[in-house]
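Residue numbers (the working numbering), protein chains in the order written: chain A, 9 to 126; chain B, 8 to 140.
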């Protein structure tokens, strides 16, 4: 199973709609970095509206992919984190401090426009 | 306590299967969304520990339904290598697998009751309970 990555001008859009297992998460990490490299994308929005659980492994993969993309020169915004997911992440002691977030896909795109000025 | 239902953890995908079953049970019991997420996350962490460290094991669910208490009990059992130092395993940020080290200490915070028994070379048994409020 692969998570689709859509290209929109200089940005990449991802909406995670399925239950993520470890393998899918790792595959996604590789796919995203590849796409950033191939397309020269400067911004990425990962929408998590449909994700109802983020455990410590998936949190690590997401945090890592943000850092890796940043190293390559692309800014990632995570959007649509559900209230229950935010609560459990904090219980787990995971704060994703250096990660940019927004309420929804629309706000995430606005954030990228503002910060990247394109 | 009502009879147990158990899920074998052998493959990576079993982690997802176990947490889906756990969430279904929690939902039926009347847990609200946040607690459903806490329960599913707990199962995911415990199942991953089995998969990572012990290769295989079981996650069992028990429904607690007495006059005074309602809740879900989750038991994770394996016959893996066990842990030398439980104290260390329960510290935030301690991991021997390159993870975040959030698993066990996180589970302790996600649940209401937490019990762990482990013996080096014999295995580990983690029992947690979430009460329905």
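For each residue, glycine too, the CB sits at the ideal point set by N, CA and C.
Test: residue 65(A) CB closer than 8 Å to a CB of chain B: As a first step, residue 65(A) must be located in the first chain, where it is residue number 57. Interface residue, yes.
Beta-carbon neighbours of residue 91(A), restricted to chain B and to distances below 8 Å: On the first chain, position 83 is the one that residue 91(A) refers to. Within 8 Å Cβ-Cβ: 40, 41.
Between the CA atoms of residue 13(A) and residue 138(B) - distance to the nearest angstrom: In the second chain, the residue the question calls residue 138(B) occupies position 131. In the first chain, the residue the question calls residue 13(A) occupies position 5. Taking the straight line joining both Cα atoms gives about 40 Å.
Under 9 Å (Cβ pairs) to chain A, residues found in the segment 13-46 of chain B: 19, 20, 22, 23, 26, 27, 30, 39, 40, 41, 42, 43, 44, 45
Touch test, the segment 10-25 of chain B against the segment 26-40 of chain A, Cβ-Cβ under 8 Å, three pairs minimum: yes
Cut-off 8 Å between Cβ atoms - residues of its own chain near residue 86(B), not counting five sequence neighbours on either side: Translated into positions along the second chain, residue 86(B) becomes position 79. Correct list, in chain order: 61, 64, 129, 130.
Extent of the continuous alpha helix (DSSP H) to which residue 94(B) belongs: Numbered from 1 along the second chain, position 87 holds the residue referred to as residue 94(B). Element bounds for residue 94(B): 93-96.
Straight-line Cα distance separating residue 85(A) from residue 23(A): Taking the first chain and counting its residues from 1, the one referred to as residue 23(A) is at position 15. Taking the first chain and counting its residues from 1, the one referred to as residue 85(A) is at position 77. A straight-line Cα-Cα distance of about 12 Å links residue 23(A) and residue 85(A).
Contained alpha helix (DSSP H) runs [length at least 4] in the segment 49-117 of chain B, N- to C-terminal order: 93-96, 110-117
Interface positions of the segment 100-132 of chain B facing chain A (Cβ-Cβ less than 7 Å), listed along the chain: 106, 107, 109, 110, 112, 113, 116, 117
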